[in-house]
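Please read the structure below before turning to the comments.
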Amino acid sequence: METTHTTPPYIPQIRLYQNWLRDQRGLEFDSYDALWRWSTTELDAFWQSVWDYFRIESPTPHTAVLGKNTMPGAQWFPGAQVNYARQALRHVDAAHAAGLPAIISRNEKGNHRELTWPALRRQVASLALHLKAQGVEPGDRVAAYLPNVPEAMIAFLATVSIGGVWSICAPDMGTHAVLDRFRQIEPKVLIGVDGVSYGGRDHDRTAVLAELRAALPSVQHAVLLGNLDASVSIAGWASWTGATARNDAETTAFEPMWLPFDHPLWIVYSSGTTGLPKPIVHGHGGTVLVALQLKVLHNDIGCSYEPNSFGERYHWYSSTGWVMWNAQLSGLLSGTTCVIYDGNPGGSKENPDWGVLWRFAAEMGVTFFGAGAAFFANCMKAGITLADYGDLTRIRALGTTGSPLSPEVQEWGTAQFEALGTSDIWWNNISGGTDFCGAFIGGNREMPQVPGEMQCRMLGAAVESWDAEGRPVQDAVGELVCAQPIPSMPLYLWGDKDGSRYLSSYFDMYPAGHGRQPGGGDGPASMGAVWRHGDWLKIGANGGCVIYGRSDATINRHGLRMGTSEIYSAVEALPEVLDSLVVDLEYLGRESYMPLFVVLRPGYALDDALRARINGAVRTALSPRFVPDDIFAVAEVPRTLSGKKQELPIKKLLLGQPIEKVVNKDAMANPGCLDWYVAFAAERAEKLQNA
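Per our numbering, numbering through the sequence shown is continuous, rising by one, with the last residue being 1763.
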C-alpha cells in the first residue's frame, strides 16, 4: 500500500534515447519527423539501436539485423538467441533491492496482493520445472483459461521460459469460443480457473473446464487455479498451489533457456467475427524488441528502480482476452511495477460506479493509467468528478486505445486533471493491434497534443496512408499501410500450411513490390507487398494522425467517404445518447441506405425532437450527406469481447446474409442483443420484397 514516492520531473524516455543516439552513434535529428524517417529508412541501424539501447543479451551473435526484407517472411536477427522470460527476470535483484514489487493486484472483492520480484522468479521456476516434468518441450502449446490475476503472468513466464508456446482466453468467453481457438492449436497442457467475480457476482467456471478437457484430447496435463475457492480440487487436475510451491536448489538455480530469435512465443487470435479466429503466432525476439520500443520510447513508461523514473507504477485496464493484457505484462520487460485489476470497471448493474479504477489508482499511486477509449467516454457520460476518488496527482499520463478517443472526452479528462492541480496531463492515444502486438500510431511525450489526434507514427513503423491506386496521401483519408517489416509481425498463422491465409489477411490489396523500397519507391516483386491493416488513416501536415474506423465498414455517401467514428463522435456527444452503431448498405451499385441505431440514456425516448437533434448534430459536425436515412432506438450495440462495435456483421446481416454466417456469437460480449437485429433484418427484407 506504500505510495510515498513522488513522481520526479523526469526526462522523457524518448529524449533519453535520442541523447544516447547522439552520444553513442553520433546521430542528431532536428525534428521527430527526421528521426522517424531515419528509423523507417535505415531499418538495420534503427533496430540495432533498439537492441543495444535496451541491452538485449544473446550468447551467440546475430549475423544481420534484417537478414531478408520480404513481407511476409522477413528474417530478423538471424543467429541471435533470446527469451522473453529471461529479459523480464533479469530485473529481479535490482528491483527488489530498491524495495519495489513486481505486480500489485486487486479484484472486485478488494482482495489486494503484492508480489515481490524474488517471489515472481521462484514461482515461475517452480511451475516451469513442474511443466517440464510433465513432458512440456520447446514448441508444445500451453493453453490458459485465466482472468487478469498475477497467476496468469506467472504461468506465461513459466511456459515460455522452457520454450513452450503460450495461449490464453479470458473466462468471460463461452466454451465454444474458447474451443474455436484452442482446438486449432492442440495444447499439451491446460491451466484453468474455478471461477471469477465480475459485476458483483461470482461466476463458476468448473463446468466449462470439464467441457474444455473433454473436447481437447491433446491435453495431457491440467492445472487448476482456485480463484473463488483456494481449496478447490478437481479429480485429474494438479493444484496451482502445489505446482508453484517448490523452493529448493533447483528452483534457485533455474534459468530460462536460450531460444532462437524467432522461436514461437504465444498464439493470439483475431476477433473471430466470422469463421474461425486467426491463430496468430509471434516470436520471442520480435515481441521483446517492439514491446520495449512501444512501452518505453513511445508510452514513456520507465523502469521502476532507475532514479529517472523511480517508483513507476503502470496500469492498463484489460481482460486476458485483449492484447492490452500482453501490453500490461510487458512492463516486466523493463523492470516496471505492473498494477492490475480484475473485475468490472463500471461497478455492477445494481450499483454502477465508474470510480472503481480511479480509487484503485489513487490508493496504489499509479503513475501511468491506461484503458480503452470507451472507459473514459463512460466516465464522462456518468458525470463523475475525479477529485472524489482520492489523490490522483501521481498520474502523469493517460493511455487509450481500442477505438478512437473523441476530442470532447479528451478535453473532459484534461479539465478533470487540471482541477486536481495537474496542468500537464499527457494523453497517449495509440492504435495498433493484436495482429502484430504493437502500435502503428502513438504518442511522443515531447510533442504538442491536439484533442482527437494521435501524435505520431511510431519509430520503425513505415506507416503511410494510401489511396486506392497505392499513392501516399497527406491530409486525406486513405488505407493504413506499413511499407516495411516490423520485428513483431506474425511469424505465421497456426495451421496455415502454405501461408495463403496469412497472405490474404494482410498482403493482397496492393501489387508485390509496390512501395517497398525503404525510404520510398518500388522494389522487386520478390520483396512482397505492403501490410494493409484495414483502418482508414489521415496523416496531417504536422504528423498528427487520425484513425477513422475500419476501412471495410466505411460510410460512402454520394461519393464522399467517411469513417464511422466521425459519426459516433457527433451522435454520442449528445447527452441523451449512450452508444450508437451506423452501417451503410450501399453495395455493388445499390443505392445507399444508412440506418443509425442508438442506445439512449434511461428516461429518454426517441421522439421527433430527439431525432431532429441527432440529425442536426450529424449535419453540423460532418455534412448533410451523412444524415442517417432512419434512426432506431435499441437496447444494446453488439460488441466483440474486446469491446469493438460489430459494424460489418450487422451490415452483412442487413444485406441478407444469415446471422450464423456473419457473426460468431461466442466471440461477442453481448450476443443476446442480436435477436433484435435479426428481427429487424427480416422485417426490412419483407418490406423490400413487397415494395
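Even glycine gets a Cβ: it sits at the ideal position worked out from N, Cα and C.
| Check | Outcome |
| --- | --- |
| Here's a check: name, in chain order, each residue in its chain whose Cβ is nearer than 8 Å to the Cβ of Gly-1612, leaving out the five neighbours to either side. | Glu-1525, Gln-1546, Asp-1547 and Val-1618 |
| Can you list the beta strand (DSSP E) stretches of 3 or more residues lying completely in the region 1432–1457, in chain order? | 1440–1444 |
| For Val-1237 and Leu-1429, I'd like the C-alpha separation in whole angstroms. | 32 Å |
| Can you look up Val-1368 in the DSSP assignment and give me helix, strand or coil? | helix |
| Considering only their Cβ atoms, is the gap separating Leu-1296 from Ile-1306 smaller than 8 Å? | yes |
| On the three-state DSSP scale, how would you describe Ala-1511? | strand |
| For a test of the three-state rule: what should DSSP assign to Pro-1351, helix, strand or coil? | strand |
| Do the region 1415–1425 and the region 1348–1363 meet, that is, are 3 or more Cβ pairs less than 8 Å apart? | no |
| If we ignore side chains and look at the alpha-carbon of each, how far apart do Ser-1406 and Pro-1647 end up? | 42 Å |
| For Gly-1600, which three-state DSSP category applies? | strand |
| Out of Asn-1183, Asn-1501 and Ala-1693, state which residue places its alpha-carbon closest to the alpha-carbon of Leu-1477. | Asn-1501 |
| Please determine, among His-1248, Leu-1199 and Phe-1118, the residue with the shortest C-alpha to C-alpha distance to Ala-1279. | His-1248 |
| In this structure, how does DSSP classify Asn-1299 when only helix, strand and coil are distinguished? | coil |
| Is Cys-1528 helix, strand or coil when you go by DSSP? | strand |
| Considering only residues of the same chain and omitting the five flanking positions on each side of Pro-1133, which have a CB-CB separation below 8 Å? | Gly-1151 and Ala-1152 |
| Pull up the DSSP beta-bridge partners for Glu-1536, would you. | Val-1553 |
| Which term fits Val-1411, buried or exposed, when burial requires 16 or more other beta carbons within 10 angstroms of its beta carbon? | buried |
| Straight-line CA distance for Leu-1115 to Ser-1475? | 29 Å |
| Does the beta-carbon of Asp-1212 have 16 or more other beta-carbons within 10 angstroms, so that it is buried, or is it exposed? | buried |
| Alpha carbon to alpha carbon, what distance is there between Val-1353 and Pro-1332? | 15 Å |
| Applying the 10 Å Cβ sphere with the 16-neighbour rule, what's the burial state of Ala-1757? | exposed |
| So for Val-1250, helix, strand or coil by DSSP? | helix |
| Taking contact to mean at least 3 C-beta pairs separated by less than 8 Å, is the region 1436–1454 in contact with the region 1382–1402? | yes |
| For Ala-1197, I'd like the list of residues in its chain whose CB is within less than 6 Å of its CB, leaving aside the five on either flank, ordered along the chain. | Thr-1323 and Phe-1326 |
| Is the beta carbon of Arg-1709 sitting closer than 8 Å to the one on Ile-1686? | According to the sequence displayed, residue 1709 carries Val and not Arg. No. Outside cutoff. |
| Quick check: the Cα distance between Asn-1762 and Ala-1754, rounded to an integer number of angstroms? | 12 Å |
| In terms of alpha-carbon separation, which member of Phe-1752, Pro-1590 and Ala-1157 lies closest to Pro-1730? | Phe-1752 |
| Would you check if the distance between the CB atom of Thr-1142 and the CB atom of Pro-1590 is smaller than 8 Å? | no |
| Excluding the 5 residues flanking Tyr-1082 on each side, which residues of the same chain have their C-beta closer than 6 Å to its C-beta? | Asn-1380 and Ser-1381 |
| Excluding five sequence neighbours on each side, which residues of the same chain lie with their C-beta closer than 7 Å to the C-beta of Asp-1301? | Asp-1266 |
| How many Å lie between Leu-1401 and Leu-1192 at the Cα? | 13 Å |
| In whole angstroms, what is the alpha-carbon distance linking Ser-1376 and Gly-1383? | 5 Å |
| Span of the alpha helix (DSSP H) holding Thr-1231? | 1222–1233 |
| Spatial neighbours of Thr-1075 within its chain, please: C-beta separation below 6 Å, excluding the five flanking residues on both sides. | In this prediction, Thr-1075 scores a pLDDT of 38, lower than 50, which makes its location untrustworthy; the coordinate-derived value is nonetheless stated afterwards. Taken in chain order, the residues that qualify are Gly-1437. |
| State yes or no: is the beta carbon of Val-1438 nearer than 8 Å to at least one beta carbon in chain C? | Any reference to chain C falls outside this structure, which holds one protein chain only. |
| Kindly list the residues whose CB is nearer than 7 Å to the CB of Tyr-1640, restricted to its own chain and excluding five residues on each side of it in sequence; keep chain order. | Ser-1652 |
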